[in-house]
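These notes are about the structure you will find just below.
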Amino acid sequence: MLDIRFIRENPEAVKENIKKKFQEEKLPLVDQVLKLDAENRSAMSEANELRAARNTLSKQVGMLMGQAKKDPSKLAEAEEAKAKVKANADRLAELEQKEAQLAEEIRKMMLVIPNIIDPSVPIGPDDSANVEVERFGEPKVPDFEIPYHTEIMERFNGVDMDAAGRVSGNGFYYLLGDVARLHEAVLAYARDFMINKGFTFCIPPFMIHGNVVEGVMSQTDMEAMMYKIEGEDLYLIGTSEHSMIGKFIDQLIPEASLPQTLTSYSPCFRKEKGSHGIEERGVYRIHQFEKQEMIVVCKPEDSMDWYEKMWRYSVELFRSLDIPVRQLECCSGDLADLKVKSCDIEAWSPRQKKYFEVCSCSNLGDAQARRLKMRVKGENGTYLPHTLNNTVVAPPRMLIALLENNLQADGSVLIPKVLQPYMGGLETIVPKK
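Letter 183 of the sequence shown, counting from 1, is numbered 183 in my numbering, and no numbers are missing.
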């Protein structure tokens with residue numbers, strides 16, 4: 001969410017930013033917000049004048065009533081002053097109600113006006129215009145056929161989609177045996193990887209209040225992603241970023257405690273509504289999964305440095321698992337409204353002979369901080385921090401890349417060295433069928 005003062009002073013820049021995000025339907029919101037803001041400031045000014053006059057008038061009424069006791073001719077003047085006090089009080093109440101209504105209308109509009117993107121973001125309408133920046137590791141295609149990922153898992157008796165469908169429907173799964181163990185090994189390794197980078201490990205709440213949801217994500221994303229608990233002001237988190245950033249709601253953070261660097265584990269729950277939908281087969285796009293996340297709360301001047309560090313951590317982790325990856329810069333039309341800059345880390349799929357998304361790193365500037373009323377107490381007053389987030393790993397999706405890139409001709413899967421301690425020393429897992 002932008003600062004209203006920025007919109008007042010830079011309306012054309014805000015409109016140009018909306019055009020760069022290919023959201024022309026939102027252009028009228030800028031003028032509407034400015035019109036309502038002018039009305040609101042006018043109401044506030046009149047209300048302040050009435051509040052200032054209230055004490056003077058009250059004293060005048062008291063004085064006239066005292067005089068009327070001695071001189072009855074002053075009674076009419078006293079009654080007239082009392083009537084004026086009441087009229088002013090009625091008008092003040094009306095203005096205060098108007099202020100509240102206007103403030104709420106402005107807030108709702110401000111929530112859907114997109115954040116100002118960084119000048120380095122490539123301009124394009126959708127993810128087809130995302131730009132490959134760099135590749136890490138040599139993508140290879142073996143000389144034997146690589147089955148679909150659930151077929152690989154099924155050879156290890158490692159997945160049961162049919163039972164999950166009977167129990168929960170499409171978009172759910174049972175992981176079993178060596179595949180389930182590999183899933184947990186990846187999460188444990190990712191946790192320790194981030195701890196070794198100096199991040200504090202955290203297990204957050206898996207449900208959050210509506211005001212936190214509104215503070216951490218755009219309205220369109222909220223409708224497409226979040227599951228609401230019926231009859232309660234609670235939502236299941238779609239990623240632990242939601243509750244981790246929400247941790248700082250209404251907080252005054254000491255500047256000396258920055259940067260806050262946290263890595264969090266959680267299950268994640270997503271409706272996955274929209275163009276992608278839920279696949280009948282596979283565990284790529286699902287309603288429930290587990291994830292290790294990293295988030296940073298920092299000084300504004302440090303956020304781009306942290307952005308660079310964070311996506312590079314993802315590259316380092318995936319390369320340690322013998323998985324080739326690339327960095328893909330997200331274009332303007334592919335950025336969620338709160339994001340200043342974002343990139344995807346994509347893993348190589350030798351079966352598909354292409355890359356697919358496994359991590360998403362984002363700098364949100366001060367948008368979440370403004371919505372959540374997070375502030376930093378510095379030497380020269382308070383200011384809004386910047387917030388960033390990035391996926392560390394999100395199995396079972398990343399298991400697809402791990403299994404495909406480590407699959408052998410005989411159907412076995414090599415366990416990368418860094419995972420072997422988490423797999424009881426196993427170097428290879430062997431198919432059951």
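Beta carbons are placed, not taken as given, at the ideal position from N, Cα and C, and that holds for glycine.
Quick caveat, the model's predicted, so the values are computed rather than measured.
{"query": "Runs of 4 residues minimum, wholly inside the region 138-226: which ones carry the alpha helix (DSSP H) assignment?", "result": "149-155, 161-167, 177-195, 210-216, 219-225"}
{"query": "Between the Cα of residue 289 and those of 125, 396, 25, spot the shortest distance and give me the residue it belongs to.", "result": "396"}
{"query": "Check whether the Cβ atoms of residue 384 and residue 364 lie closer than 9 Å to each other.", "result": "no"}
{"query": "Thinking residue 345 and residue 318 are a contact (beta carbons under 8 Å), I'd like their distance in whole angstroms, please.", "result": "7 Å"}
{"query": "If you pair each beta-carbon of the region 301-312 with each one of the region 201-218, do three or more pairs fall below 8 Å?", "result": "no"}
{"query": "Looking at the structure shown, is residue 275 part of a helix, part of a strand, or coil, going by DSSP?", "result": "Caution is warranted here: a pLDDT of 46 is assigned to residue 275, below 50, making its placement in the model unreliable, and the coordinate value is therefore given only provisionally. If DSSP states are grouped into helix, strand and coil, residue 275 belongs with coil."}
{"query": "Run through the DSSP bridge pairs and tell me what residue 326 is partnered with.", "result": "135, 346"}
{"query": "Quick check on the DSSP output: the alpha helix (DSSP H) that includes residue 380 runs from which residue to which?", "result": "No alpha helix (DSSP H) holds residue 380; DSSP gives it neither H nor E."}
{"query": "For the 8 Å Cβ check, are there 3 or more pairs between the region 360-375 and the region 151-159?", "result": "no"}
{"query": "Cutting at 6 Å between CB atoms, please list the residues of its own chain near residue 412, excluding the five before and the five after it.", "result": "428, 430"}
{"query": "Mind checking residue 417: buried by the 16 CB within 10 Å criterion, or exposed?", "result": "exposed"}
{"query": "For the pair the region 225-241 and the region 185-195, tell me if three or more CB-CB distances fall below 8 Å.", "result": "no"}
{"query": "If you run the structure through DSSP and keep just helix, strand and coil, what is residue 371?", "result": "helix"}
{"query": "Using only alpha-carbon positions, find the residue among 19, 16, 169, 30 that is nearest to residue 5.", "result": "30"}
{"query": "Residue 211 and residue 249: beta carbons closer than 9 Å?", "result": "yes"}
{"query": "What does DSSP give as the partner residue(s) for residue 239 in the beta ladder?", "result": "Bridge partners of residue 239: none, in fact."}
{"query": "Is DSSP giving residue 318 helix, strand or coil here?", "result": "helix"}
{"query": "Rounded to whole angstroms, how far is the Cβ of residue 402 from the Cβ of residue 141, which I believe are closer than 8 Å?", "result": "Rounded, the Cβ-Cβ distance is 16 Å, inconsistent with contact."}
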